[in-house]
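Asker: Quick one: the structure is below, and I'll ask about it shortly.
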Ligand code: PLA
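Residue numbers (UniProt numbering): 1 to 448.
If you want it as structure tokens, here you go:
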């Protein structure tokens, strides 16, 4: 119990309680009146006068800058959001169909969901990520809770670990999605990095990864991207995953998978869950954060799930009781609409099949964009080796362009991307590839 009381989340809670008690005492006394004309010091200034402007988010801020640009040439390759060949956001047909069914069903009401979310959605999400025949599911030793997309799942999982796990250090790959260190720090974990990407080979620094995980303290948490690593597009091979598994299990390192792109890497849902299933198959424990933002195109619906695979059904049910205590004071219970769409699609054979076809089409279009961009740079004779564009996996290409070159491309070509040189291939189309290739060519030949 002692460690629960000392957790950062509880410290924040006690500080808040002290603060509220303090102010209610003050309200009881005669020294403060409610009159706006009371003339207390600084009455004409905002009580928030001291607040300094915060920086824009490194990824979502790119869209803010893009929206302000009036050029017809402008192209947003910042955030990882799928666009059609016409450059438009896509709502999947199967999602439209599910929504129609939900709207037409007059028995549906808007009651609160339970704290853990929609039961069907949770069961089906665990099956989707762990496999329909997963022994962990059959043994009832998986607890799954619906969360606010991938980010919310990571945050709830992080806070649960900070309260109940004996090791508070989480190792994240270098580089990783920019929000990871912030989410885990605020959840109460201490964040360290392990080597992952080698800028020279533009591939995996496998030796560095093994060394860093090998020298991590026993029991430490390790964040792994299940597939389509963001931002590098570099994934371990199945053999490398097996080596990582052996090393992690031998040191009792706890795997925390972030699965934000299942189906987007290869176009196949099972293949993209391979790394996770490898760790579940050995009977050990792990944590998985799942997002339906990309693979079902449900970005703004905020649908995701957190699964914790435990050693026994009894532990899993106690873990779930504690997850509820994390969620209830955070947002009480999750939204109903997006999870209902997902559950409708996952439980119907035909709709599921239709989804996999639409998902594969999105993944294929991205792969095709890689080839087109690579060909366009080859045609232009752009200096350098660009084969990583076709080798990397998933939504992003980690181009190797530096921040000056990125700034040049934004200023001269109205192309928006993150300053680390990451481009979202899903935002590209046959029409815009030549413009991007011109910009990259100019950047590498004119800005060193
Ligand atoms: N994990 C990884 C690795 C991600 O790339 C993202 C999203 C998430 C989790 C969270 O997604 P969700 O909460 O919407 O489910 N990354 C995006 C968007 C696509 C973002 O930054 O929010 C990106 O452009 O990197």
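Glycine included, every Cβ here is placed at the ideal spot set by N, Cα and C.
#1: Taking 7 Å as the threshold (C-beta atoms), are residue 176 and residue 192 in contact?
#2: Identify the residues that DSSP records as bridge partners of residue 310: which are they?
#3: Which runs of the beta strand (DSSP E) spanning at least 3 residues fall entirely within the region 401 to 446, listed in chain order?
#4: Is the region 199 to 208 touching the region 179 to 187 in the sense that three or more CB pairs, one from each, lie closer than 8 Å?
#5: Figure out for me which residue from 441, 310, 231 has the closest Cα to the Cα of residue 394.
#6: On the DSSP bridge list, what partners appear for residue 225?
#7: Could you round the C-beta distance between residue 82 and residue 426 to whole angstroms and report it? I think they count as a contact, below 8 Å.
#8: In the DSSP output, what is residue 203 paired with across the bridge?
#9: Using a strict less-than 5 Å threshold between each residue's beta carbon and the heavy atoms of ligand 1, what residues do you get?
#10: Can you give the Cα-Cα distance for residue 326 and residue 286, rounded to whole angstroms?
#11: Quick one: give me the first and last residue of the beta strand (DSSP E) that residue 449 is part of.
#12: Is the distance from the Cβ of residue 365 to the Cβ of residue 396 below 7 Å?
#13: How about residue 199 and residue 224: do their beta carbons lie closer than 7 Å?
#14: Within its chain, find whatever has a CB closer than 7 Å to the CB of residue 155; leave out the 5 residues flanking it on each side and keep chain order.
#15: Kindly identify the DSSP beta-bridge partner or partners of residue 289.
#16: Within a Cβ cutoff of 7 Å, which residues of the same chain sit near residue 65, ignoring the five residues on either side of it in sequence?
#17: Quick one: residues in its chain with C-beta nearer than 6 Å to the C-beta of residue 320, no 5 flanking neighbours on either side, listed in chain order?
#18: Helix, strand or coil for residue 73 per DSSP?
Answerer: In short, the structure shows the following:
#1: For this step, residue 192 is matched to residue 192 along the chain shown. For this step, residue 176 is matched to residue 176 along the chain shown. Their beta carbons are not under 7 Å apart, which means residue 192 does not touch residue 176 by this criterion.
#2: As a working note, residue 310 is residue 310 in the chain shown. In the DSSP output, where bridge partners are listed per residue, residue 310 has none listed.
#3: Runs of the beta strand (DSSP E) lying entirely within the region 401 to 446, each at least 3 residues long, are 422 to 424 in chain order.
#4: no
#5: In the chain shown, the residue the question calls residue 394 occupies position 394. Looking at the Cα atoms, 231 is the closest of the given residues.
#6: As a first step, residue 225 must be located in the chain shown, where it is residue number 225. According to DSSP, which records beta bridges pairwise, residue 225 is partnered with 258.
#7: What you label residue 82 is simply residue 82 of the chain shown in a count that begins at 1. What you label residue 426 is simply residue 426 of the chain shown in a count that begins at 1. Their Cβ separation, rounded to whole angstroms, is 4 Å, which keeps residue 82 and residue 426 in contact under 8 Å.
#8: Taking the first residue of the chain shown as position 1, residue 203 is located at position 203. Beta-bridge partners of residue 203 (DSSP): 198.
#9: 59, 79, 80, 149, 150, 151, 177, 230, 258, 260, 291, 293
#10: Position 326 of the chain shown, counted from the start, is the residue given in the question as residue 326. Position 286 of the chain shown, counted from the start, is the residue given in the question as residue 286. Rounded to the nearest angstrom, the two C-alpha atoms are 18 Å apart.
#11: Because the chain spans 1 through 448 in this model, residue 449 falls outside it and cannot be assessed.
#12: Numbered from its first residue, the chain shown carries residue 365 at position 365. Numbered from its first residue, the chain shown carries residue 396 at position 396. Contact: no.
#13: Position 199 of the chain shown, counting from 1, holds the residue named residue 199. Position 224 of the chain shown, counting from 1, holds the residue named residue 224. No, Cβ-Cβ distance for residue 199 and residue 224 is not below 7 Å.
#14: The residue you call residue 155 lines up with position 155 of the chain shown. 183, 187, listed in sequence order.
#15: Here residue 289 refers to the residue found at position 289 of the chain shown. Its beta-bridge partners are 258, 306.
#16: By 1-based counting over the chain shown, the position of residue 65 is 65. Result list for residue 65: 416, in chain order.
#17: Counted from its first residue, the chain shown places residue 320 at position 320. If we look at residue 320 and ignore the five residues flanking it on each side, its Cβ neighbours are 143.
#18: Walking along the chain shown from the start, residue 73 turns up at place 73. Coil.
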